[in-house]
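The block underneath contains the structure these notes are about, expressed in structure tokens.
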Amino acid sequence: MSEPNQYSNENRDAQGRWYELLSPTQVLTGPVPNNVQTTRKEHKKRTSHGNRKAQHKTRRRQRQRQEPMDQTIVEDDELNSEHRTTTENKRKRQVNTDYINISQSLSQLSISQRNPKKTKSTSQNNLSEQNDLQQRFKPRYLRVSDKILKRMLSNITEDNLDIGKCLDTTEKVQLVRQVIEATNNLYYYGLQRQLWQEYYNMGMKEDVWKRKITKSAAKQHRTCRSYGLPKHIVEERQKAIRQRIQHGINELQKYTIQLQNDLQQWQPSVDLNILSTAIDELVRRAQRRLRQEFDYKTKMLVFNSNDHHLITKFYNLRPDEEHIYIAKKIWQTIADLLKTKRHEEILRKRIYLRRLPNKYDKLIDRSLDYIEPTLMNDVLDKDRRASLSSRYSKTITQYKFDLMTINLDTIQHVIRGHQQLLDDLQSQLFTTCNSSLIQMIKDREEAMKQQHEFYLKHQLDTFFDEAPTTSNE
Numbered sequence: 001m002s003e004p005n006q007y008s009n010e011n012r013d014a015q016g017r018w019y020e021l022l023s024p025t026q027v028l029t030g031p032v033p034n035n036v037q038t039t040r041k042e043h044k045k046r047t048s049h050g051n052r053k054a055q056h057k058t059r060r061r062q063r064q065r066q067e068p069m070d071q072t073i074v075e076d077d078e079l080n081s082e083h084r085t086t087t088e089n090k091r092k093r094q095v096n097t098d099y100i101n102i103s104q105s106l107s108q109l110s111i112s113q114r115n116p117k118k119t120k121s122t123s124q125n126n127l128s129e130q131n132d133l134q135q136r137f138k139p140r141y142l143r144v145s146d147k148i149l150k151r152m153l154s155n156i157t158e159d160n161l162d163i164g165k166c167l168d169t170t171e172k173v174q175l176v177r178q179v180i181e182a183t184n185n186l187y188y189y190g191l192q193r194q195l196w197q198e199y200y201n202m203g204m205k206e207d208v209w210k211r212k213i214t215k216s217a218a219k220q221h222r223t224c225r226s227y228g229l230p231k232h233i234v235e236e237r238q239k240a241i242r243q244r245i246q247h248g249i250n251e252l253q254k255y256t257i258q259l260q261n262d263l264q265q266w267q268p269s270v271d272l273n274i275l276s277t278a279i280d281e282l283v284r285r286a287q288r289r290l291r292q293e294f295d296y297k298t299k300m301l302v303f304n305s306n307d308h309h310l311i312t313k314f315y316n317l318r319p320d321e322e323h324i325y326i327a328k329k330i331w332q333t334i335a336d337l338l339k340t341k342r343h344e345e346i347l348r349k350r351i352y353l354r355r356l357p358n359k360y361d362k363l364i365d366r367s368l369d370y371i372e373p374t375l376m377n378d379v380l381d382k383d384r385r386a387s388l389s390s391r392y393s394k395t396i397t398q399y400k401f402d403l404m405t406i407n408l409d410t411i412q413h414v415i416r417g418h419q420q421l422l423d424d425l426q427s428q429l430f431t432t433c434n435s436s437l438i439q440m441i442k443d444r445e446e447a448m449k450q451q452h453e454f455y456l457k458h459q460l461d462t463f464f465d466e467a468p469t470t471s472n473e
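When we follow full-length UniProt numbering, the leftmost residue of the sequence shown carries the number 1, and every step to the right adds one.
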């Protein structure tokens, strides 16, 4: 209920006292005497507002009749079929829009005087966010347009059969998309099953689950802290994957049956075997990189297991403190040498492919922020501005690659330093250790090199997919 309008022409000063604002008429004619105002109030008639009790009762009955309609709003959540009730006729906090006094500090003023409360998240917002997240993690070929999808299917078929003519409506394309997505999920679950089976087989073979060493020991020996997983986690994951595979099979069968029934009414028609073969081949080609990633994880698991075994065999020979120190220094130097060589190979390929690290781009491209205002000066004509902009671009691009060339030369000097240190340690090894320890140290050195070659090959194959490309044009 609103307050009485007794302060409609009044305001409060800094000490909290009320004072009266003069109207424009009062400013010109002067204030009205108090006795005149008192006389006017005495002559004002008292109006009757009727039976207030009956009026309140009538308003309560009206609110009770409107309450079922205005009290709640039911929102349907498509994700989990929940129903949330939101009160519609809540009392809202009044926002003071009165005149801001000049006595108020300037630091307290803002561009927007209103400060509304934050809106609560609803089920619809959460649903849209989750759908966006699911779409973002879908493979790229599942997010292409209908036109591109039809062209991809046509290019895979024999004799380049134009499947796009059969998929002439949105409903047909949507059904084919569902079949493709179900096939993609089923193949993906199959790759997961193979990976977790490798974890299980390794644990059963070695009878060791989740072998783990301390962080300092892993750093000293240049190895991973752990490999494998606990047995109960592996078994739980295998059980969950079996359930997903069964769900994927049921989903694929449902869409395949629906597709088979709809194909009979399609005009022009297409053979189900041809369409299914095209879908399978499309998914297999799209998951080629994914299969490489799963193979990489499986082989790295074997490398890490073998590395831990070689370290254990070395300590089983009971070396003394001097032998342990030399072995650690050799392994540390080899690890640093291989890491530097890996950086060298990646940098060489970056220069060859003209694909630059993001750090170089962000660091050097900031200079354009100071150049652009000058280039946009009105006194420069269009041709002169284009010529200067091209010169700036070429100079900055050349500077980037000059910087990378200097970095490559520095890396080569570091490699020679590591190699010299390794030669000195190996000569010291032959004079202090016996043949068994020397052979064990060399065995791990060879294993580290093999793991490095495998890791480098995988990184070179996958590292440049999203790297930025720079052109001299």
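Note that beta-carbon positions come from the ideal geometry of N, C-alpha and C, so glycine has one too. Quantities reported herein were computed from a predicted structural model and do not represent experimental measurements.
In DSSP terms, what residue i is bridged to
| i | result |
| --- | --- |
| Lys212 | Ser226 |
Expected contact under 8 Å - CB spacing of residue i and residue j to nearest Å
| i | j | result |
| --- | --- | --- |
| Glu198 | Thr298 | 5 Å |
| Arg244 | Tyr189 | 5 Å |
| Arg342 | His452 | 7 Å |
| His418 | Leu337 | 4 Å |
| Leu425 | Thr333 | 6 Å |
| Leu437 | Leu317 | 6 Å |
| Gln260 | Leu175 | Not a contact, Cβ separation roughly 11 Å. |
| Lys172 | Trp266 | 7 Å |
| Ala335 | Met448 | 7 Å |
| Asn184 | Leu142 | 7 Å |
8 Å CB neighbourhood of residue i in its chain, flanking five on each side removed
| i | result |
| --- | --- |
| residue 474 | The structure shown does not extend to residue 474, since the chain is modelled only from 1 to 473, so the question has no answer here. |
| Arg225 | Lys212, Ile213, Thr214, Lys215 and Ala218 |
| Thr462 | Arg289, Gln292 and Glu293 |
| Glu345 | Leu456 and Leu460 |
| Ile249 | Leu186 |
| Ile411 | Thr340, His343, Glu344 and Leu347 |
| Glu235 | Tyr200 |
| Met152 | Tyr141, Val144 and Leu282 |
Proximity test, residue i beta-carbon vs the ligand ATP heavy atom, cut-off 7 Å
| i | result |
| --- | --- |
| Leu275 | The ligand ATP is absent from the structure shown, which contains no ligand whatsoever. |
Simplified DSSP state of residue i, which is helix, strand or coil
| i | result |
| --- | --- |
| Pro373 | helix |
| Gln238 | helix |
| Thr157 | coil |
| Asn434 | coil |
| Asp320 | coil |
| Asp336 | helix |
| Trp196 | helix |
| Thr169 | coil |
| His49 | coil |
| Leu347 | helix |
| Gln439 | helix |
| Arg291 | helix |
| Trp266 | coil |
| Ser393 | helix |
| Leu380 | coil |
| Asp461 | helix |
| Arg366 | coil |
| Ser427 | helix |
| Asp307 | helix |
| Glu59 | The identity of residue 59 in the sequence shown is Arg, whereas the question assumes Glu. Three-state result, Arg59: helix. |
| Val283 | helix |
| Arg143 | coil |
| Asp162 | coil |
| Asp361 | helix |
Own chain partners of residue i with C-beta closer than 7 Å, once the 5 adjacent residues on each side are dropped
| i | result |
| --- | --- |
| Tyr187 | Val283 and Gln287 |
| Arg385 | Leu375 |
| Ser154 | Asn160, Leu161, Asp162, Ile163 and Gly164 |
| Leu388 | Leu375 |
| Gln192 | Ile241 |
| Lys328 | Gln220 and His221 |
| Asp443 | Leu310 |
| Asp423 | none |
| Val270 | Ile163, Cys166 and Leu263 |
Nonlocal neighbours in the same chain, by C-beta distance under 6 Å from residue i, ignoring five residues either side
| i | result |
| --- | --- |
| Gln178 | Tyr255 |
| Leu408 | Leu347 |
| residue 475 | Summary: the structure shown does not reach residue 475, with the chain confined to residues 1 through 473, and so no result is reported for it. |
| Ala182 | Glu251, Leu252 and Tyr255 |
| Ile180 | Ile279 |
| said: Across the stretch 210 to 220 and the stretch 266 to 279, are there enough close Cβ pairs to call them in contact, namely three or more that are closer than 8 Å? | reply: Flag = no, the stretch 210 to 220 and the stretch 266 to 279 do not touch.
| query | Three or more beta-carbon pairs under 8 Å between the stretch 303 to 320 and the stretch 285 to 293, yes or no? | reply | Between the stretch 303 to 320 and the stretch 285 to 293, the count of C-beta pairs closer than 8 Å stays below three; the two stretches do not touch.
| Three or more C-beta pairs below 8 Å linking the stretch 163 to 181 and the stretch 138 to 149 | A contact exists between the stretch 163 to 181 and the stretch 138 to 149.
| field | Three-pair Cβ contact test at 8 Å for the stretch 316 to 336 versus the stretch 425 to 433 | value | Cβ pair count under 8 Å is three or more, so yes.
| query | Are the stretch 238 to 254 and the stretch 343 to 359 touching, with three or more C-beta to C-beta distances below 8 Å? | reply | They do not touch, by the three-pair rule.
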